[in-house]
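K.L.:
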Amino acid sequence: MQQHQSALINLHLAVFLFGGTALFSKLIALPALDITVYRTAIAFIALTIILKMQNKHLKLDQRKDYFIVIGLGIIVGIHWVTYFAAMQMAGIATGIIAFFTYPVLTVLLEPLFSKTRLKLTDLLIATMVIFGIYLMMPNTDLGDQVTFGILTGVLSGAFFAMRNLLQKKYFSQYGGPHTMLYQTLTAAVVLSMFVDTPPTGLPLQDIYYLLLAGVVFTAIPHSLFASSLRYLSATTTGLISCLQPLYGIVLAYMLLSETTSMTTLIGGILVVSAAFYETWSITRNK
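Everything in the sequence shown is counted per UniProt numbering, starting at 1 for the first residue and increasing by one.
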C-alpha cells in the first residue's frame, strides 16, 4: 500500500511539471525538433549526474534491454517533437487537449498488452474524458493550422500511450531515472541529425530556458512518471495525468496571457474530475 501511495504522489508531482513543459514551446524561439534535441541532451546529462551521485550502475542487465530502450527512445522522441509542434501550431490549451486523447487510447490498448478485459468503469471514465476534451477544443475548422496542430497533438498522444504500455511490459524492472537516461540519449542522438540551429547559434535566453526545460521539466518529472509505472497501471497513470491540461492552461494564462473559453474551463473540470476519481479508486483498492 505504501508503494502505491508513494507512486501516486510522484505521479501527481510529475503531472504538475508536465503541465509547465508546454510553456517552453512558446518561450523558446526554436523549431519543435530543435527544442526536443537540446532538451533531451540536457536531461541525459542531468540524469547521469543524479545516478552517479546515487552510486548506481548505468549498465543494463541484458543485451536485449539495449534494443528495447532504443525503440522506446525513438518512440518518446517522436512524441516530444509532435507535442511541441502541436503547441506551436494550435496554442498551448488546444495542443494539450489534443495530446490528451492518449488516456483513451491507453484504456483501449492496455488489454492487448496485459491480456485483461476492459472494465466498465474505465470505459465510463474514458467517455467522460473524451467529452471534456471535446468541450475544451476551441476550434473545429479542419482547414487551418489549428486543426493540423490538433491532429499532431493526437499523434503525439498515440506515441506516448504506446511508449507507456511497452515500457510497462518490457522495461519496468528498471528505475525511473535509469529508464529515462537511455530514452533521452536515444532521442537526442537520433533526432540530432535533423537539427536546424547548432549549439553555437543558440541565443543566451534560449540556453537558459533549455536548461530549465531539460533538468526541472524533463529529467525530474519523467523519472517520477516512469517510476510510478512500476506500481500503477498505464490506464491509471494516463487518467490521472488528465490534470496536465488544467495545469498547462492555467500556467499559460498566468505567464503568457493565453486565454481560454468557458467551454474549455468546463471541459477541464470534467477531465480533472475523472483524474481525481481514478486516484481515489486506486487508493481505496490498495
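Where a beta carbon is used, it is the ideal one built from N, C-alpha and C, also for glycine.
Which residues mark the beginning and the end of the alpha helix (DSSP H) in which Leu232 is found?
P.N.:
Element bounds for Leu232: n/a, residue is neither H nor E.
K.L.:
What runs of the alpha helix (DSSP H), each 4 residues or longer, lie entirely inside the UniProt domain "EamA" (148-276)?
P.N.:
DSSP runs (the alpha helix (DSSP H)) wholly in the UniProt domain "EamA" (148-276): 176-191, 204-214, 220-228, 234-240, 243-256.
K.L.:
On the CB-based measure, 16 or more other CB atoms within 10 Å of its CB, does Lys115 come out buried or exposed?
P.N.:
Exposed: under 16 other Cβ atoms inside 10 Å.
K.L.:
How about Thr184 and Thr40: are their beta carbons less than 7 Å apart?
P.N.:
Against a cut-off of 7 Å, the Cβ pair of Thr40 and Thr184 comes out as a contact.
K.L.:
Please report the Cβ distance between Thr82 and Ser156, rounded to the nearest whole angstrom; I am assuming they are in contact, meaning their Cβ atoms lie under 8 Å.
P.N.:
So it is a contact: roughly 4 Å between Cβ atoms.
K.L.:
How long is the line joining the alpha carbons of Trp80 and Ala22, rounded to whole angstroms?
P.N.:
Distance between the alpha carbons of Trp80 and Ala22: 10 Å.
K.L.:
Between Gln3, Ser25, Phe100, Ala188, which has its C-alpha nearest Leu255's C-alpha?
P.N.:
Among Gln3, Ser25, Phe100, Ala188, the Cα nearest to that of Leu255 is on Ser25.
K.L.:
Please report how far the alpha carbon of Thr260 lies from the alpha carbon of Ile249, in whole angstroms.
P.N.:
Using only the alpha carbons, I get a separation of about 8 Å.
K.L.:
Nearest to Phe225 by CA position, among Gln5, Leu13, Asp144, is which residue?
P.N.:
For the residues Gln5, Leu13, Asp144, the minimum Cα distance to Phe225 belongs to Leu13.
K.L.:
So, is the C-beta of Ile75 closer than 7 Å to a C-beta in chain C?
P.N.:
Considering every chain present, this structure includes no chain C. It has just one protein chain.
K.L.:
In its own chain, which residues sit with a C-beta less than 6 Å from the C-beta of Ala252, not counting the 5 before and 5 after it?
P.N.:
Cβ within range, chain order: Ile92, Glu258.
K.L.:
Hey, how far is the Cα of Leu181 from the Cα of Met53?
P.N.:
Looking at the two C-alpha atoms, the distance is approximately 14 Å.
K.L.:
On the DSSP letters alone, give me the boundaries of the alpha helix (DSSP H) that Pro111 sits inside.
P.N.:
Residues 102-114.
K.L.:
On the three-pair Cβ rule with 8 Å, is the region 116-129 touching the region 43-59?
P.N.:
Not touching, per the Cβ criterion.
K.L.:
Are there 16 or more other CB atoms within 10 angstroms of the CB of Met262, so buried, or fewer, so exposed?
P.N.:
The residue in question, Met262, is exposed, as its Cβ has fewer than 16 Cβ neighbours within 10 Å.
K.L.:
Starting from the C-beta of Ser192, find all residues in its chain whose C-beta is less than 7 Å away, skip the five residues before and the five after it, and write them out in chain order.
P.N.:
Counting only Cβ-Cβ distances below 7 Å, and skipping sequence neighbours, we find Val37.
K.L.:
Look at the alpha carbon of Leu232 and the alpha carbon of Ser172, and state the distance between them as a whole number of angstroms.
P.N.:
Their backbone Cα atoms lie some 11 Å apart in a straight line.
K.L.:
Out of curiosity, what's the CA-to-CA distance linking Leu11 and Phe67?
P.N.:
Distance between the alpha carbons of Leu11 and Phe67: 27 Å.
K.L.:
Can you find the residues in the same chain that come closer than 8 Å, C-beta to C-beta, to Tyr209, ignoring five residues on each side of it along the sequence?
P.N.:
Same-chain partners within the cutoff: Phe24, Leu27, Ile28.
K.L.:
Among Leu246, Pro245, Arg230, which residue has its Cα nearest to the Cα of Ser6?
P.N.:
Checked all of Leu246, Pro245, Arg230; the closest Cα to Ser6 is Arg230.
K.L.:
For Phe84, tell me which candidate among Ile150, Leu202, His4 has the shortest Cα-Cα distance.
P.N.:
The residue with the shortest Cα to Cα distance from Phe84 is Ile150.
K.L.:
Leaving aside the five residues before and after Val15 along the sequence, list all residues of the same chain whose C-beta is less than 6 Å from its C-beta, in chain order.
P.N.:
The answer, listed in chain order, is Ser241, Leu243, Gln244.
K.L.:
What first and last residue would you give for the alpha helix (DSSP H) that runs through Gln88?
P.N.:
It spans 63-90 - the alpha helix (DSSP H) in which Gln88 sits, taken as one unbroken run.
K.L.:
Our contact map puts Met146 next to Ala90 with C-beta atoms below 8 Å; I'd like the distance itself, whole angstroms only.
P.N.:
It is worth fixing the name first, because residue 146 is Val in this sequence and not Met. At roughly 5 Å, the Cβ-Cβ gap stays under 8 Å, so Val146 and Ala90 are in contact.
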